[in-house]
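J.: In full-length UniProt numbering, the protein residues as written are 1 to 248.
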Amino acid sequence: MERNEMIFGIRAVIEAVEAGKDIDKILIKKDLQSDLAQELFAAVRGRNIVVQKVPIEKINRMSRKNHQGVLAFISAVTYQHLDDIVPGLYEEGKNPFIILLDGITDVRNFGAIARTCECAGVNAIVIPERGSVSVNADAVKTSAGALLHLPVCRESSVFEAVRFLKNSGFRTIAASEKAVVNYTDIDYTVPVAIVMGAEDTGVSKEVLRLCDDMVALPQMGVIGSLNVSVAAGVMMYEVVRQRMGNCK
1 MERNEMIFGI
11 RAVIEAVEAG
21 KDIDKILIKK
31 DLQSDLAQEL
41 FAAVRGRNIV
51 VQKVPIEKIN
61 RMSRKNHQGV
71 LAFISAVTYQ
81 HLDDIVPGLY
91 EEGKNPFIIL
101 LDGITDVRNF
111 GAIARTCECA
121 GVNAIVIPER
131 GSVSVNADAV
141 KTSAGALLHL
151 PVCRESSVFE
161 AVRFLKNSGF
171 RTIAASEKAV
181 VNYTDIDYTV
191 PVAIVMGAED
201 TGVSKEVLRL
211 CDDMVALPQM
221 GVIGSLNVSV
231 AAGVMMYEVV
241 RQRMGNCK
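1. In whole angstroms, give me the CA-to-CA distance for S34 and A12.
2. In the structure shown, what three-state DSSP assignment does V162 receive?
3. On the DSSP letters alone, give me the boundaries of the alpha helix (DSSP H) that A16 sits inside.
4. Pick from N167, G121, K25 and V195: whose alpha carbon is nearest that of S176?
5. Can you tell me whether DSSP reads K58 as helix, strand or coil?
6. With DSSP as the reference, please indicate the residues paired to K29 in a beta bridge.
7. Does DSSP put T184 in a helix, in a strand, or in coil?
8. By the three-class DSSP mapping on this structure, what secondary structure does V77 have?
9. Roughly how many angstroms separate the alpha carbons of V44 and T142, rounded to a whole number?
10. Compute the distance between the beta-carbons of A193 and I98, then report whether it is under 8 angstroms.
11. Between V70 and I26, which are expected to be in contact by the criterion C-beta below 8 angstroms, what is the C-beta distance as a whole number of angstroms?
12. Quick check on DSSP: helix, strand or coil for L101?
13. What number of angstroms, rounded off, separates the C-alpha of P151 from the C-alpha of A144?
14. Which of the three DSSP states, helix, strand or coil, is assigned to R64?
15. Threshold first: 3 residues or longer. Then list the beta strand (DSSP E) segments lying entirely within the region 198-230, N to C.
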């Protein structure tokens, strides 16, 4: 799989949507107006599909074919939802473990995190619909195929996902260099959801306020923060360490 499958042209995209294809996102030329364009807007309404209105130059850079101002990208996986996954985890008697990514846009970090998630027994990874990476071919390759085995939930926002998990009995924990609590001082043997933020801005303020705990990894050097995929790996294996110790 070299890249996500790309569909171009308004009618072709409408047919893909109506056929139930797993569409990652649709790019539409700004100010696109026609009866067929209105039919496309009606087809995507109410579906979990990201639609971005962009300058025609951006679409032209991606395809020189007769795209009519519309490009769609087929997702490498079928996105899922927390409200479908979480009840099943409890019904199966599992101790749920979820990772949420708040604003991460680097596909290599995403793939590396997903690879560690799969190895560490994470039950699902959560990304928001907008302002985030998505599951494309590069991410799958970087994850060594882990993204083909790990449920990926694309939710309306990380904030809403955290709120749902709190209401579902999870302890929600945000990793932040601003925290004063050491990451090892938290009990991860309960159902847990860990939020990792973008390297430039970290976890958003509203999500930090919503989470039950905010923890930091100790820094011994002069660089301000760890790479997010490395930090996520450290956090995940603290969960593994505590849960394995708890089983002895």
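Where is the CB? At the ideal position from N, CA and C, for every residue including glycine.
If you're wondering where the values come from, they're calculated on a predicted model, not measured in any experiment.
T.: This is what the structure holds:
1. 15 angstroms
2. helix
3. I10 to E18
4. V195
5. helix
6. V54
7. helix
8. coil
9. 30 angstroms
10. yes
11. 7 angstroms
12. strand
13. 15 angstroms
14. coil
15. 213-216
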